[in-house]
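Position one of the sequence shown corresponds to residue -9 (my numbering), numbered consecutively onward.
Here a beta-carbon is modelled for each residue, glycine too, at the ideal position from N, C-alpha and C.
What follows is a single structure, written as structure tokens, with notes after it.
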Amino acid sequence: MTEGTAQKVSNAVLSGAAGVASFLFSLSAFLYLTELPEQVVASLVAGAFCLLVSYIASERPNSESARALNALGDRLMAVEDGDLVSPAPAIVQRNMPKLATAVDTLFAEVRASIENAQALGMYDPVTSLPNRLNFRAEADRLIANMGEKQMSAMLFIDLDRFKAVNDSLGHARGDQLLVMVANRLRVVVNGEAGPTHPRPILARLAGDEFTLFFPNVAGLPDVERLARRVVLAIAEPFELHGHSIDIGASIGVAVGPMHGRTIESLMRAADIAMYRAKARGGGQHCLFSDELAEEHTRKVQTEKALTEAVQRGEFLLALQPQLSLSTGEITGAEALLRWSHPREGMRLPATFIPIAEQTGIITEIGDWVMAEVASILASWHRDGIAKRLAFNVSPRQLDRSDFFARLRQTFAEAGVPLSSIELEFTESAAMECSAQVLAEIASLREDGATIAIDDFGTGYSNIARLRAMPLDRVKLDPSLIADIDCDEKARVVVQAVIHLIRGVGCEIVAEAVETVGQADILRAMGCHTVQGFVFAQPMFESEFVAWSSNATRTTRGADIQPSAASTILR
-9 MTEGTAQKVS
1 NAVLSGAAGV
11 ASFLFSLSAF
21 LYLTELPEQV
31 VASLVAGAFC
41 LLVSYIASER
51 PNSESARALN
61 ALGDRLMAVE
71 DGDLVSPAPA
81 IVQRNMPKLA
91 TAVDTLFAEV
101 RASIENAQAL
111 GMYDPVTSLP
121 NRLNFRAEAD
131 RLIANMGEKQ
141 MSAMLFIDLD
151 RFKAVNDSLG
161 HARGDQLLVM
171 VANRLRVVVN
181 GEAGPTHPRP
191 ILARLAGDEF
201 TLFFPNVAGL
211 PDVERLARRV
221 VLAIAEPFEL
231 HGHSIDIGAS
241 IGVAVGPMHG
251 RTIESLMRAA
261 DIAMYRAKAR
271 GGGQHCLFSD
281 ELAEEHTRKV
291 QTEKALTEAV
301 QRGEFLLALQ
311 PQLSLSTGEI
321 TGAEALLRWS
331 HPREGMRLPA
341 TFIPIAEQTG
351 IITEIGDWVM
361 AEVASILASW
371 HRDGIAKRLA
381 FNVSPRQLDR
391 SDFFARLRQT
401 FAEAGVPLSS
411 IELEFTESAA
421 MECSAQVLAE
431 IASLREDGAT
441 IAIDDFGTGY
451 SNIARLRAMP
461 LDRVKLDPSL
471 IADIDCDEKA
481 RVVVQAVIHL
491 IRGVGCEIVA
501 EAVETVGQAD
511 ILRAMGCHTV
521 QGFVFAQPMF
531 ESEFVAWSSN
541 ATRTTRGADI
551 QPSAASTILR
């Protein structure tokens, strides 16, 4: 018999008993009471008794249901305390069995969903490896159980050239490649796992970054062996849908407790070492060291100081004259950035420009350079000085859609014609810029600006593109001419480069010319514009104006000797 049927039978019995009692009471009243008023009162009493019993019978199930609902409410409130396991209360199961079943089923589904969410939150969905959160928790546990002198190794693995795979084959193929990399790393882990020490932890942190933690290593030679094994494992080509993929990996290595006793310190050290391995060309490992730590500290300090330097106006421009070997005239100058550091004094670009490029603050510095060049040229025009001033443009600046509009606006507001400026682009930036950027550069050139490629000979030039570029001058990289006065091979290379540049119709400029012998050789090879210490060191604007106005000019044309010019102008 069901709970509902039993309730109905109970109510029927109660109602029947009430009816029998009422009948007996009424019968007794009619037998023993003779007066009509007394009989009426007795009947009313009997009727009221029947009504009371009927009300009680009808309210019994409602009271039970109310108690069941209250119990269910208390059960649901227990969820706030994390109780997702207890079943529905017994009173609910008795009075509302379907509702109790539904509640139990709901809690079971919620528990399953939470367990799935926890699993997704602890593992990488692409490779099924532990993710960063899971890795940190497991590594923390292993480190806590390690002995005081027990050595461990943290390997931070960053894939080389992975972005090229995503760009060329698509992200789906990239994910498949990540799975293949993870499987190779699993082979390494399985090969190093043993019954006498904890199993190494392998995880995917993000993107193309993996990490390996070995909680028990024998010493530095063992660490080096593990790192080389990982490098070789990833260096082997991957066969991916008919494509042979060569990626390689840059691996940073940190050793505990030498480089840290916590997971945070070891990961930070391994990350720093990984960037050094990548800077060396990738496909190798690098062990963290005190030297790297100091270098990283300086870099972080420089990043912070650069932001403040822009705000405080700590940058200066030094101008290095450019000399025509044919006429001896000062044809212009290149604006070179200097940082007047409040504690370290005057810093050269090589000490901070790479960091500014990485952080993106180079765009703010570049805006300052443009404004300063515009101010200098405006002053020159007022004073009747007709010289061209060159300045460098960062690839980061070219990434900004408003760069060329800002450049035009800056010089237009200063009243400086574009014919007074020379824009220098690095060789790699010139080769990689988009068609839209090339069109903007061509437009500047049509309006009078001089366009130059700087440090030519260190990048990878496309000769066809070089010929098609809107270009006026090519500046030879200092490394090309460093040994031309003492090395025949160096002279042959420079002569070939000069012929190439002249072949595409561009003027040749040699910079960092330090000796008279170098200047003589360059003039003989057909390079007629130079800049370097042999003629003049970089100087500030007021010094440049005074120096150039006092410099002796010659009109002997092609007969002038570089040595004579250098003697006059040094």
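Is Gln399 buried or exposed, if buried means 16 or more other CB atoms sit within 10 Å of its CB? Classification of Gln399: exposed, given that the 10 Å Cβ count is below 16.
Sequence-distant residues of its chain with Cβ nearer than 6 Å to Val383 (five each side left out): Same-chain partners within the cutoff: Leu413 and Phe415.
Residues near His518 in its chain [Cβ-Cβ closer than 7 Å; skip 5 each side]: Closer than 7 Å at the Cβ level, and outside the excluded window around His518, lie Ser314, Leu315 and Ser316.
Taking its Cβ as the centre, do 16 or more other Cβ atoms sit within 10 Å of Asp389, making it buried, or is it exposed? Flag for Asp389 reads exposed.
In three-state terms, what does DSSP make of Ala404? Correct three-state label for Ala404: coil.
Simplified DSSP assignment, three categories, for Gly181: Helix, per DSSP.
Can you name the start and end residues of the beta strand (DSSP E) that Thr201 belongs to? Segment Glu199 to Phe204, the beta strand (DSSP E) holding Thr201.
Touching or not, the region 297 to 312 and the region 181 to 193, by the rule of three or more beta carbon pairs under 8 Å? The region 297 to 312 is not in contact with the region 181 to 193.
Taking the Cβ atom as the reference point for each residue, do Ala509 and Val520 lie within a distance shorter than 7 Å? In terms of Cβ geometry, Ala509 and Val520 form a close pair [threshold 7 Å].
Distance between Arg126 and Asn284 (C-alpha atoms, nearest Å): Looking at the sequence shown, residue 284 is not Asn but Glu. If you take the alpha carbons of Glu284 and Arg126, they lie about 26 Å apart.
Could you please give the first and the last residue of the uninterrupted alpha helix (DSSP H) stretch that includes Val221? Taken as a continuous stretch (DSSP letters only), the alpha helix (DSSP H) holding Val221 covers Leu210 to Ala225.
Within the continuous beta strand (DSSP E) that includes Asp148, where are the two ends? Ser142 to Leu149 is the extent of the beta strand (DSSP E) around Asp148.
How big is the Cα-Cα spacing for Gln348 and Glu501? Take the alpha-carbon of Gln348 and the one of Glu501: they are about 26 Å apart.
Would you kindly work out how many angstroms separate the C-alpha atoms of Glu49 and Pro115, rounded to a whole number? The predicted model places Glu49 with a pLDDT of 49, which falls under 50 and marks its position as unreliable, so this point remains unresolved.
Could you say if the region 258 to 277 and the region 236 to 244 meet the contact criterion of at least three C-beta pairs nearer than 8 Å? When Cβ pairs closer than 8 Å are counted between the two stretches, the region 258 to 277 is seen to touch the region 236 to 244, the count reaching three or more.
Take Val100 and list the residues in its own chain whose beta-carbon comes closer than 7 Å to its own, dropping the five residues that flank it on each side. When the five nearest sequence neighbours on each side are left out, the beta carbons in the same chain lying within less than 7 Å of the beta carbon of Val100 are those of Leu74, in order along the chain.
Gly507 - DSSP class collapsed to helix/strand/coil: In this structure, Gly507 counts as helix in the three-state DSSP scheme.
Beta strand (DSSP E) runs wholly inside the region 362 to 396, at least 3 long, in chain order: Listed in chain order, the complete beta strand (DSSP E) runs (minimum 3 residues) inside the region 362 to 396 are 378 to 383.
Would you call Asp445 buried or exposed, if buried means 16 or more other Cβ atoms sit within 10 Å of its Cβ? Its Cβ being crowded by 16 or more others within 10 Å, Asp445 is buried.
N- and C-terminal bounds of the alpha helix (DSSP H) containing Ala325: Following the DSSP letters along the chain, one finds Ala325 in no alpha helix (DSSP H) but inside the beta strand (DSSP E) bounded by residues Ile320 to His331.
Determine the burial state of His489: buried for a count of at least 16 other Cβ atoms within 10 Å of its Cβ, exposed for fewer. Exposed, because fewer than 16 other Cβ atoms sit within 10 Å of the Cβ of His489.
Using DSSP's beta-bridge definition, name the partner residues of Ser314. Note: Ser314 sits in a beta bridge opposite Thr519.
List the DSSP bridge partners of Cys276. Checking the DSSP bridge columns, you'll see Cys276 partnered with Gly242.
Taking its Cβ as the centre, do 16 or more other Cβ atoms sit within 10 Å of Leu62, making it buried, or is it exposed? Buried, by the Cβ-count rule.
For Ala429, the nearest candidate out of Ser410, Thr448 and Leu461 (CA to CA): Cα-wise, what sits closest to Ala429 is Leu461.
Determine the DSSP secondary structure at Lys465, reduced to helix, strand or coil. Three-state DSSP puts Lys465 in a strand.
Should Val464 and Cys423 be called a contact, given that it needs their Cβ atoms to be closer than 7 Å? No, Cβ-Cβ distance for Val464 and Cys423 is not below 7 Å.
Do you know offhand how far Asp94's Cα is from Tyr113's? Those two C-alpha atoms are separated by around 29 Å.
Where does Ile351 sit, in a helix, a strand or coil, going by DSSP? In this structure, Ile351 counts as coil in the three-state DSSP scheme.
Assign His249 to buried or exposed, taking buried as 16 or more other Cβ atoms, counted over all protein chains shown, within 10 Å of its Cβ. By the C-beta density criterion, His249 is buried, having at least 16 other C-beta atoms within 10 angstroms.
Gly405 and Ala361 closer than 7 Å at C-beta: It is not a contact, given that the beta carbons lie outside the stated cut-off.
I need the boundaries of the beta strand (DSSP E) containing His233, first residue and last residue. Per DSSP, His233 belongs to the beta strand (DSSP E) from His233 to Ile235.
Residues of its chain near Leu256, where Cβ-Cβ distance is below 7 Å and the 5 sequence neighbours each way are ignored: Answer for Leu256: Met144, Ala244, Gly246, His249 and Gly250, listed in chain order.
Check for me: the beta strand (DSSP E) holding Gly335 runs from which residue to which? Counting along the chain, the beta strand (DSSP E) containing Gly335 begins and ends at Gly335 to Arg337.
Give, in chain order, every unbroken run of the beta strand (DSSP E) that is at least 3 residues long and sits entirely within the region 406 to 450. With a minimum length of 3 residues, the continuous beta strand (DSSP E) runs that stay inside the region 406 to 450 are 411 to 416 and 440 to 446.
Separation of Gly197 from His231, as counted between CA atoms: Going from the Cα of His231 to the Cα of Gly197 covers about 21 Å.
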